[in-house]
Amino acid sequence: MGVAAEGLSAAQIETYFQQGYLVLEGLVPAASLAAYDRRFADLVNGDAELAPDMKIMQDVMVVKGAVTPASPIHAVNKLLCLENDPQLFAFASEPALVAAVQSLLGVEIYTLSSNIFNKPPGVDGRHPMHQDLRYFRLRPAEKIVGVWTAMLEANRRNGCLSVLPGSHRQGLLEHGSPDWDYVNHGFYGINGVDLDNRVHVELQPGDTLLFHPLLVHGSGTNKSDAFRRAISVHYAAADCESDRAGWQRRGLTRRIA
Ligand SMILES: O=C(O)CCC(=O)C(=O)O
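The numbers in the numbering used here rise by one with no breaks, and the one at position 207 of the sequence shown is 208.
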């Protein structure tokens with residue numbers, strides 16, 4: 002399913018709130034993806050300077066010396082905080098993406114976080130099943146939406162996202178550190194997730210997952226010999242509330258529309 006210029010259809014909005022997620026095919030044009038991919042490579046290869054607040058997070062197996070990366074990009078797990086890099090943050094204003102998010106949140110939307118998730122081959126790289134609301138202070142959850150666009154094909158073999166349909170209706174669950182040998186920084190997970198009902202969200206480049214911040218989701222190890230890479234932003238509606246007054250003007254929050 003794609004998205005019309007005027008935003009999501011009533012059926013798409015219903016699917017999102019019933020299932021906790023919605024896949025939109027071909028949402029981001031190939032030319033945009035190629036530009037984001039080039040910029041990502043320049044930043045992690047050291048050919049361009051990181052913008053203020055932007056950070057490269059290396060995979061924990063690289064940090065601990067358990068593997069030797071074949072190239073600088075093979076070492077990277079995440080590029081965080083795209084807000085001050087106009088070339089990458091242009092993603093948050095992709096017209097079809099903004100129209101889709103506005104259909105769910107209303108016209109005035111802000112960004113809360115932005116990342117490129119790079120899953121190299123050769124490391125564990127699992128992301129435990131979790132809910133993103135664990136990381137946010139804003140409420141209510143219905144007024145926040147995550148978007149995750151495949152920059153490269155994402156499939157079961159290379160560790161695509163998997164989601165638990167309807168799990169956004171359970172409220173915020175308890176999270177802890179997984180009992181794994183190598184757990185990336187800040188990766189918390191939920192114990193006892195019903196993995197039998199997981200849906201693996203396989204995407205082509207440009208396809209986009211919209212997901213509720215209480216949807217239980219995660220991703221597996223990249224067992225292929227190529228990269229899995231995605232660009233992601235979380236948006237919040239203007240009328241969300243936080244324990245920090247004036248959150249719309251703080252930190253890396255940006256008004257998009
Ligand atoms: O890209 C991944 O593997 C995980 C991303 C994720 O869990 C998220 O966007 O919350």
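Glycine included, every Cβ here is placed at the ideal spot set by N, Cα and C.
Cβ-based neighbour list, residue 93, same chain, cut-off 6 Å, excluding 5 preceding and 5 following: Your numbering for residue 93 matches position 92 in the sequence shown. So the list reads 112, 234 and 257, once near-sequence residues are dropped.
Best match in 41, 214, 104 and 19 for proximity to residue 82 [C-alpha to C-alpha]: As a working note, residue 82 is residue 81 in the sequence shown. Considering only alpha carbons, the answer is 41.
Reference residue 153; option with closest CA among 35, 12, 7 and 14: Position 152 of the sequence shown, counting from 1, holds the residue named residue 153. Of 35, 12, 7 and 14, the residue nearest in Cα terms is 35.
Which of helix, strand or coil DSSP assigns to residue 25: Within the sequence shown, residue 25 is the residue found at index 24, counting from 1. Residue state, collapsed to three classes: strand.
Environment of residue 196 [buried if 16+ CB atoms lie within 10 Å]: For the purposes of this step, residue 196 is identified with residue 195 of the sequence shown, where counting begins at 1. Counting other Cβ atoms within 10 Å of its Cβ, residue 196 stays below 16 and is therefore classed as exposed.
Backbone secondary structure at residue 159 - three-state DSSP: Position 158 of the sequence shown, counted from the first residue, corresponds to residue 159. Note: residue 159 maps to coil in three-state DSSP.
Contact belief for residue 217 with residue 132 at Cβ below 8 Å, rounded distance in angstroms: Residue numbering aside, residue 217 sits at position 216 when the sequence shown is read from its first letter. Residue numbering aside, residue 132 sits at position 131 when the sequence shown is read from its first letter. Right, the Cβ-Cβ distance comes to about 6 Å (below 8 Å), so this counts as a contact.
Proximity test, residue 120 beta-carbon vs ligand 1 heavy atom, cut-off 7 Å: Taking the sequence shown and counting its residues from 1, one reaches residue 120 at position 119. Checking every heavy atom of ligand 1 against the Cβ of residue 120, one is found closer than 7 Å.
Of the residues 162, 172 and 91, the one placed nearest residue 24, counting alpha carbons only: Sequence index remark: in the sequence shown, residue 24 carries index 23 (1-based). Closest by alpha carbon: 162.
Nearest-angstrom Cα separation, counted from residue 51 out to residue 15: Within the sequence shown, numbered from 1, the residue matching residue 15 stands at position 14. Within the sequence shown, numbered from 1, the residue matching residue 51 stands at position 50. Taking the straight line from one Cα to the other gives about 40 Å.
Whole-angstrom C-beta distance between residue 37 and residue 80, which should lie under 8 Å: For this step, residue 80 is matched to residue 79 along the sequence shown. For this step, residue 37 is matched to residue 36 along the sequence shown. Their Cβ separation, rounded to whole angstroms, is 10 Å, which puts residue 80 and residue 37 out of contact at 8 Å.
Secondary structure of residue 59, DSSP reduced to three states: As a first step, residue 59 must be located in the sequence shown, where it is residue number 58. In this structure, residue 59 counts as strand in the three-state DSSP scheme.
Cβ-based neighbour list, residue 239, same chain, cut-off 6 Å, excluding 5 preceding and 5 following: Translated into positions along the sequence shown, residue 239 becomes position 238. Taken in chain order, the residues that qualify are 109.
Candidates 130, 10 and 157, of which the one nearest residue 165 by Cα: In the sequence shown, residue 165 corresponds to position 164, counting from 1. The alpha carbon of residue 165 has as its nearest neighbour, out of 130, 10 and 157, the alpha carbon of 130.
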